[in-house]
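So the structure is just underneath, and the comments pick up after that.
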Amino acid sequence: MQKRILIVEDETAIRELIAMAVSRAGMLADHAADVRAATAAIAERVPDLILLDWMLPGTSGIDYARRLRREELTRDIPIIMLTARGEEDDRVHGLDAGVDDYVVKPFSVRELLARIRSVLRRTLGEMEVGNVELGGLRIDGAAHRVFSGDQAIAVGPTEYRLLYFFMTHPDRVYARNQLLDQVWGGSVYVEERTVDVHIRRLRKTLEPFAKDALVQTVRGTGYRFSVLV
Ligand code: CA
90 MQKRILIVED
100 ETAIRELIAM
110 AVSRAGMLAD
120 HAADVRAATA
130 AIAERVPDLI
140 LLDWMLPGTS
150 GIDYARRLRR
160 EELTRDIPII
170 MLTARGEEDD
180 RVHGLDAGVD
190 DYVVKPFSVR
200 ELLARIRSVL
210 RRTLGEMEVG
220 NVELGGLRID
230 GAAHRVFSGD
240 QAIAVGPTEY
250 RLLYFFMTHP
260 DRVYARNQLL
270 DQVWGGSVYV
280 EERTVDVHIR
290 RLRKTLEPFA
300 KDALVQTVRG
310 TGYRFSVLV
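Following this note's numbering from start to finish, the sequence shown increments by one per residue and tops out at 318.
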């Protein structure tokens, strides 16, 4: 099925350039020049991915991203932020808001399409295939089982969800509240230190297989799953 991309960008020339590239790549493009138009577009048809400009008139892209993440209908739609800012601070704000990826302006159309495909693959992988392999670990999503090589690993249900989320979102840092949203579900009230408890359990589970170092603590920020030390 053709993927539908919603482009939220107030600069007409950029919006049309992106729309053209998206159409040429075989996807459908919806346009919105501001948050109001984006809200209307989503009410009409829920897109598979949103390209969201940071600097918009009225509500900023980042505030809108937060809003999208809070609402049931839109919380799982992947968001790629278009930003002129490359500052580390802004990236952290974006991650806090639950943005999936960034493209810094000026960008090449090729780079943008590559990011779109990569984010779509990641989210599709989660929903439709359910199998993921990384760093010598393998999750069989249909069977709900984890393997290190040929050895099955007994993983508790929360640790399983945590590991699944990590392995489908590698190399990025998640704050505790983001992990709560993603793994426990935003509506459930759980204290942030619960995350630490389950991280510890997950590491303990992986330790006999020498895979515990894949779950990394990023001081002052949160946790990351990475094959890089
Ligand atoms: Ca703009």
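Ideal Cβ positions, reconstructed from N, Cα and C, are used throughout, including at glycine.
Around the C-beta of HIS287, 16 or more other C-beta atoms lie within 10 Å, and the residue is accordingly described as buried. Our two residues, MET109 and LEU202, have alpha carbons roughly 11 angstroms apart in a direct line. Setting aside the 5 residues that flank it on each side, GLN91 is surrounded in the same chain by GLY115, MET116, LEU117, each with a C-beta closer than 7 angstroms to its C-beta; the list follows chain order. Comparing C-alpha distances from PHE196 to each of GLN305, ILE94, ARG104 shows the shortest one belongs to ARG104. For MET256, the shortest C-beta to heavy atom distance toward ligand 1 is 6 angstroms or greater. In terms of side-chain proximity, the C-beta atom of ASP142 is found nearer than 6 angstroms to a non-hydrogen atom of ligand 1.
DSSP, reduced to helix, strand and coil, places PHE314 within a strand of the structure shown. According to the DSSP assignment, THR128 belongs to no beta strand (DSSP E) but to the alpha helix (DSSP H) extending over 124-133. At least one heavy atom of ligand 1 sits closer than 6 angstroms to the Cβ of ASP99.
Within the model, the alpha-carbon separation for LEU162 versus ILE139 is close to 13 angstroms. Note that the C-beta distance between TYR253 and ILE228 is below 7 angstroms. Apart from the 5 residues on each side of it in sequence, PHE298 sits with its Cβ closer than 6 angstroms to the Cβ of SER237 in its chain, given in chain order.
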